[in-house]
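The block underneath contains the structure these notes are about, expressed in structure tokens.
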Amino acid sequence: MNCRCALRFGHSTVAAYSRIDQQHLEEPMTQRIIPITSTNFIADRALDNPLDWGAIFGQTRPLALEIGCGTGHFILEQALRRPDMNFVAIDIYNKGCLKTCAKIDAAGVQNVRVMRVEARWLMEKGLQPESLAAVYINCPDPWPKKRHRRRRLVNRDFLISLAHYLVPGGDFFFSTDFDDYAEDLSGQIRGLPGYRNLLQSDWAHALAGYPISKYMQRFLDKGQPIYFIHHQRDPAVSRHDLPSPAVQRGFRVDWHKAEND
Ligand SMILES: C[S@@+](CC[C@H](N)C(=O)[O-])C[C@H]1O[C@@H](n2cnc3c(N)ncnc32)[C@H](O)[C@@H]1O
1455 MNCRCALRFG HSTVAAYSRI DQQHLEEPMT QRIIPITSTN FIADRALDNP
1505 LDWGAIFGQT RPLALEIGCG TGHFILEQAL RRPDMNFVAI DIYNKGCLKT
1555 CAKIDAAGVQ NVRVMRVEAR WLMEKGLQPE SLAAVYINCP DPWPKKRHRR
1605 RRLVNRDFLI SLAHYLVPGG DFFFSTDFDD YAEDLSGQIR GLPGYRNLLQ
1655 SDWAHALAGY PISKYMQRFL DKGQPIYFIH HQRDPAVSRH DLPSPAVQRG
1705 FRVDWHKAEN D
């Protein structure tokens, strides 16, 4: 497939045609790449070994990950509420990372770092097992059309892998405006060893103390409900008794390779 990709060379932005063979990259994702110079931004090329988060933050605190931070509303609010934790906010969207960095820099918070990286790539390349105290996924792309649902980021394979990266007792939060995604995820996670539902039912329409993201706010403003899911990495189950992490397949899983070829 020929795909128009924006490639960054040094400080210039070059639109180039690049040949991408990955079958899952079914649609071109064109982004004008604006270099991010914030000291709170971590270039993904640093991902040769699991990252040393203590060195990156200059302090060892429980580490939380937001996947798909968008423009950073949620992570800024959460970082302000929890100065006792470190946060890494990731997105594959350059402009989102840029805006997130701008918010973090302007607020002067010290406990957030931002990366432009694909979630499954970061897990495999940049994280140690049992290193995340919390994971947040807010309003991920819902892919509402039936034929596109296999593109969703959060599926059984993703959940199986994620369980290995959460510390025992760590939190997994998921929110969506789309009932079908909430139902799908609830059905998948219910039967998986290593997760324990912390809610009274599969989901709730409000979570006390949980910041509202930009997308959540948009839906709430239209009078649409948000479906919140909150599970814990079940401390009673040893990591060695979890199902082995599956080879991650799916839409955009090869994003990193495509963007850097
Ligand atoms: C619908 S937006 C929601 C943004 C934000 N969480 C909010 O609630 O306002 C979904 C975001 O997830 C990002 N995203 C999608 N797939 C991703 C992946 N595999 N890894 C990292 N980020 C991803 C998109 O670039 C986009 O910014």
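Numbering (our numbering), first residue to last: 1455 to 1715. Each residue gets a CB set at the ideal place from its N, CA and C atoms; glycine is no exception.
- F1495 and M1569 have their alpha carbons spaced roughly 6 Å apart.
- When L1576, D1688 and D1631 are compared, the shortest CA-CA separation from R1672 is found for D1631.
- Boundaries of the beta strand (DSSP E) harbouring Y1681: Y1681 to R1687, taken from the DSSP string.
- Counting the other Cβ atoms within 10 Å of the Cβ of S1585 gives 16 or more, which makes it buried.
- Annotated as proximal: F1541 and N1565, with beta-carbon spacing under 8 Å.
- Ranking Y1547, A1497 and D1625 by CA distance to the CA of L1519 puts D1625 first.
- For D1545, the uninterrupted beta strand (DSSP E) run begins and ends at N1540 to D1545, by DSSP.
- G1624 carries a strand assignment under DSSP once its states are collapsed to helix, strand and coil.
- Residue pairing from DSSP leaves A1636 without any beta-bridge partner.
- Burial check for A1617: the Cβ neighbour count within 10 Å reaches 16 or more, so the residue is buried.
- Annotation for C1593 indicates a beta carbon within 7 Å of some heavy atom of ligand 1.
- CA-CA distance, E1531 to G1645, rounds to 33 Å.
- Annotation for D1695: no residue places its beta carbon closer than 6 Å to its own, counting only its chain and skipping 5 residues before and after.
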